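Protein chains in written order, with our numbering: chain A, 185 to 272; chain B, 969 to 1449; chain C, -15 to 453.
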Amino acid sequence: MVKREEIERLGDLIKIELKNPEKYVKQVEQIINYFERLDKLEISSDKILTHELTLDKLREDKHIPYEEKIIEKLKHTKENFVKAPKMI
Amino acid sequence: MGLEISATQYLQQIKNGSTSVEEYVAKTLERIKKVEKKVHAFISVNENALTQAKQVDKKLKAKEKVGSCFGMPISIKDNICTKGMKTTCASKMLEDFVAPYDATVVSRLKSQDSIIIGKVNLDEFAMGSTTEFSYFGPTKNPWNTGYVPGGSSGGSGVSVSALECLASLGSDTGGSVRSPASFCSVVGLKPTYGLVSRYGLVSFANSIEQIGPLARTVEDVAFILNIISGRDSHDNTTLDNGNPDYTKDLDAGISGKKIGIISEMIGDGVDKDVAAATNRAISKLQRLGAECIPVSIDSAVHSVAAYYTIASAEASSNLARYDNVRYGFNFDLEGYEFNAYISKTRSSFGPEVTRRMLLGAFVLSAGYYGKYYLKAQKVRSMIKSQLDEAFKKVDLLVAPTMPILPFKIGEKIDDPLTLYLLDINTIIANLAGIPAISVPYELAHGLPIGIQFFANAMQEKLLLQAAYALHKTTNLPEVPI
Amino acid sequence: MTKIGLEIHCQLTKLESKLFCSCKADYRGFEPNANICPVCIGLPGSLPILNQNAVEKAAMISIALGCKVPQKIGFFRKNYFYPDLPKSFQITQYNAYGPTSIGYDGKVPIEDKEIRIRRIQLEEDPGRLIYEGSSEKTQVTLVDYNRAGTPLVEIVTEPDFETPKQVRLFLNILADLVENLGVSDPSLEGALRVDGNVSIDKGNRVEIKNVGSFRDIEKALHFEITRQQSLAERNIPIPAETRHWDEARKITVSARSKEEEQDYRYFPEADIPTILIDKTVIERLGRNMPESIISKKERYIKKYGIPLQVAEVLSSDKFYSDLFEQANNEKNAKEIANLITTDLKGFADTKEQREQLKLTPKHLTDLADAIMNNKITRNSGKIALQEIVKTGKPLSEIISSLDLGHVDDQSSLSKVIDDVFVEEQKAVAEAKNDPDTINYLVGKVMKKTKGKADPSLTLDLIKKRLDAQ
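Below you can see the structure in the form of structure tokens.
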């Protein structure tokens, strides 16, 4: 049973202000109920698909300065800081 | 008109001088102007396209080296970064975002002298199967503009189908290249996971998605695949494919090949027109020399639940960075506290994206991880094992791409679960990481039906050969727009 | 019984590049947001590319701390929202579903105990926040992402420490270790950060964060233990919480209740495949690791006969031990060791001094040889060293320009002794009976020769002269 409080908790977890949480309650519940079939499924194998890479194929440790001044393409201040809302 | 030619034919015409790049691109831009009010495939059109076309012609005239695309106009789904042009992901959250870099696939195309003709529409952040969830409004099916074009790469499917470009790059997470390919009567390929670099593809479900080409012929798709595939140092998940030529031996045919018909995908729940067309396609394949036998992939019935669990989980994390602080849209933050500000800006996501992020947060929440997410990963592994077993008995698998015909715009938009279930035929390829292709086969009531082939990982050559063999037998009418 | 556990973050400042991109690992000295790229700032479409050297160095730290290194390591996402976290998740490691972090189950001996290492993980540092103006009036937070993506090794210990002193010893060993391995410079601000958790008598655990330096961690722990003990004495329950160290007031202050555990929704990072570390690779890393401090110390004592105190100073400082290894030729080892630990030490303590030092190993070798062969006295050696450190000129040049040459020929010495005997007649008279006064006379000769006189020869000559009188 997905309740409004649960939707509000999830909204807070992913930082989205939900203007009418009720709208999502029914739909999310319907989909979660559909997901329940996974829980009921009995799977004997614990195997999970993974991709693997050997250590020697990893990136070489080299300093390569990025050729563009990225900060100029983002919202920034005169002194090239990024402005964020205040933290309390 | 001349625009209905394939990309391959375009190359021939440029090389033998019967048309110039400028001429063709000018015609293309005119076509876009004419048709866009009816289909709305494009979010932005490249205003420098004609200038770039002239530059290619200049190189040709001066007998300088020109890349293999020879100025070919190609559209790019708007969730793939193009330097200097907006990449909006069809979302208010990225309304003003201009990427400072090109996706690897885009830089590879540009280095072969293709022209990016524009960025095309999608469901917001690639979440959807009808392109109705775009912040900029829906894209319409050119075969009947009251109908959906499929999704999420609807703009890709339509721009190719409506002759607004020669090819397009879309992205396929749960069927998002193949669904519009099927609904718009074009060819669309989802490559093996890792074959094509995701650097520059705005992440939605990063363990699943791949960029894939759409075009009007299989040969064109193979041509584009040659350019965009292969290991990329900017993407740790790319594989070494040995750089084969996918256009070579395309006409090898399928004589002697074993093709498995996925029984779960042609039973109940499949539209009778689609089922009939599929059966005709299977007979055709048999006449071409293939042995078609029924194959059961019974874990496929859990694929939608597994896919949406994993994809939502990844989406809730991949989209967490969009808070309008560094880039996004105009909304002053001064005076706001951090959590309050980002919660407010993030309420600008559309309903489908919001829904999936709520689901994703739910399945990853403390206490639920084993129940849903981990289980879904195990199901995924099970599906891959079953497919591996099947490919020991057959070379390819076949099924209809979509279980139903294209439907009216707005018809299913309030029923998310029903929309999710439309992915039932395409999703197993995404979960298992294997390649799959949709080939236009027939029309029913004027609406397109596509046939889908699957092959095992890294078997794109085999896949393209089967698609080529079947497509060659079709004789579809021109797009009515 | 007091139980203390530590969570230490060590930046791999000696790496060239960040953990997932090629921006510089050591972000210090850059203008704001001048050391960033699409990857470390988390732009749409960017992907992390793992640094091979970071994995190897983290593995070496794990081995040095006695940990097991798994053959398959994986990365996870820790999801939360904060202005310094550009992707709104940190790529880190997590062992809840099996050991996939770079090290686990290790131990470090200190004094008479063994501190167990629960796990070691590789992860990325977030950016830095700057608060504009005072915290009440500020309307915005300023963010600098230069640090975002810097490679971190997080070391988590079991709560095996019983006293703050043990913590300090452990941290000193760790600082020396990472410096010795060449992976980090712990003297850089923020390179080594420590959080602790403290509980007494099986009570609730209190986390202490925001401690600036090593010295402060000992103070903070002392304060916290006292605070908890005084609560316990009054039968007041100790709440489980996070407290911050207030640098100015030297107290811990409650930050947030530990009850509100954040839900980080950990799940595997699919953009980084599972990394396979072959057993042979782990063995090679172990073999190629620089010699440990303890092993160096023992070698210096055994092989060169260097006294314990000198060996301890020499081995625990990489700068000194490197110099020693390069300058000594076995015969002059003790002399070189002495020169470094007594004479050089005053000129080469700080980072700035070491950077400006003009001394080379050859200088030390030449100096040791000159002293051992009596070309100059030890006193002159001190003067010469000072000059070498400043100018870097060859020893021979310094000896002649400063006239430090040994005065060891009898005739010139005799002349000086004559002068001293004339000037110090009273002392000469006392010297016949008082050995101390003899030394006084030797000192006078040394002074007149600016330390160049051979002390034993001088003593000899003076004794003979006195006897003759």
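All residues carry an ideal CB built from backbone N, CA and C; glycine is no exception.
Note that the coordinates shown come from a computational prediction; the quantities given were computed from them, not determined experimentally.
Here Gln213(C) is not near Ile256(C), since their CB atoms are 9 Å or more apart. Look at the beta carbons and you see the stretch 1069 to 1076 of chain B touching the stretch 1037 to 1052 of chain B: at least three pairs across the two are nearer than 8 Å.
By the neighbour-count criterion, in which 16 or more other beta carbons inside 10 Å mark a residue as buried, Arg1314(B) falls on the buried side. Residue burial is scored here from C-beta neighbours: Gly389(C) has fewer than 16 other C-beta atoms within 10 angstroms and is therefore classed as exposed. A Cβ of chain C is located within less than 9 Å of the beta carbon of Arg1166(B).
Gln1080(B) and Thr125(C) have their C-alpha atoms spaced approximately 45 Å apart. Non-local C-beta neighbours of Asn37(C) in its own chain, meaning closer than 7 Å and more than five positions away in sequence, comprise Leu(-1), ordered along the chain.
In this structure, Thr1206(B) is the residue among Asn1194(B), Thr1206(B) and Leu1193(B) with its C-alpha nearest to the C-alpha of Tyr1167(B).
Under the DSSP assignment, Cys(-6)(C) falls outside any alpha helix (DSSP H), being part of the beta strand (DSSP E) whose first and last residues are Thr(-14) to Gln(-5).
Closest in alpha carbon position to Asp1236(B), among Ile1392(B), Val989(B), Pro1445(B) and Val1331(B), is Ile1392(B). The three-state secondary structure of Ala42(C), taken from DSSP, is helix. Cβ neighbours of Ser305(C) within its own chain (closer than 7 Å, five residues either side excluded): Lys280, Leu298 and Ser299. By the C-beta density criterion, Ile220(C) is exposed, having fewer than 16 other C-beta atoms within 10 angstroms. For Arg61(C), the secondary structure class from DSSP, reduced to helix, strand or coil, is strand. By the rule that beta-carbons nearer than 9 Å mark a contact, Tyr1276(B) does not touch chain C. Contact between the stretch 1153 to 1169 of chain B and the stretch 1123 to 1137 of chain B is present: three or more C-beta pairs spanning the two stretches fall below 8 Å. In this structure, Ile320(C) lies near Ala352(C), with their beta-carbon atoms less than 9 Å apart. Residue pairing by DSSP places Gly90(C) opposite Ile101(C) in a beta bridge. For Arg227(C), the pairing in a beta bridge is given by DSSP as Ile192(C) and Ser238(C). Residue range Val124 to Asp128 is occupied by the beta strand (DSSP E) that includes Asp128(C). Taking a Cβ-Cβ cut-off of 9 Å, the neighbours of Glu252(A) in chain B comprise Pro1068 and Tyr1069, given in sequence order. Chain C has no Cβ within less than 9 Å of the Cβ of Lys187(A).
In the three-state DSSP reduction, Ser1316(B) falls in the helix class (H, G or I).
At least 9 Å separates the beta-carbon of Thr1185(B) from that of Ile1419(B). For Val1154(B), no pairing in a beta bridge is given by DSSP. For Cys1260(B), the beta-bridge partners assigned by DSSP are Ile1227(B). Against chain A, the beta carbon of Arg1289(B) has no neighbour under 9 Å; the closest one sits roughly 11 Å away. No residue range can be given for Gly1378(B), since it is assigned to no beta strand (DSSP E) and is classified by DSSP as neither H nor E. CA-to-CA, the gap between Glu1232(B) and Ser1124(B) works out to about 29 Å.
Of the residues Asp230(A), Asp245(A), Leu202(A) and Leu237(A), the one whose Cα lies closest to the Cα of Ala254(C) is Leu237(A). Put simply, of Asn423(C), Ile372(C), Thr442(C) and Lys377(C) the residue whose alpha carbon is nearest the alpha carbon of Ser398(C) is Thr442(C).
Note on geometry: alpha-carbon atoms of Thr261(A) and Lys267(A) lie some 7 Å from one another. Close CB contacts of Thr(-3)(C) within its chain, under the 6 Å cut and outside five residues either way in sequence, are with Asp10, Ser168, Asp169, Leu172 and Ala175 (chain order). Ile248(A) belongs to the set of residues whose beta carbon lies under 9 Å from a beta carbon in chain C.
Using a Cβ-Cβ distance cut-off of 8 Å, the stretch 211 to 224 of chain A and the stretch 226 to 242 of chain C are not in contact, since fewer than three pairs of beta carbons, one from each stretch, lie closer than that value. Its chain contains Lys995, Thr996, Arg999 and Leu1131 as the residues whose beta carbon lies nearer than 7 Å to that of Leu971(B), once the 5 sequence neighbours on both sides are disregarded; these appear in chain order.
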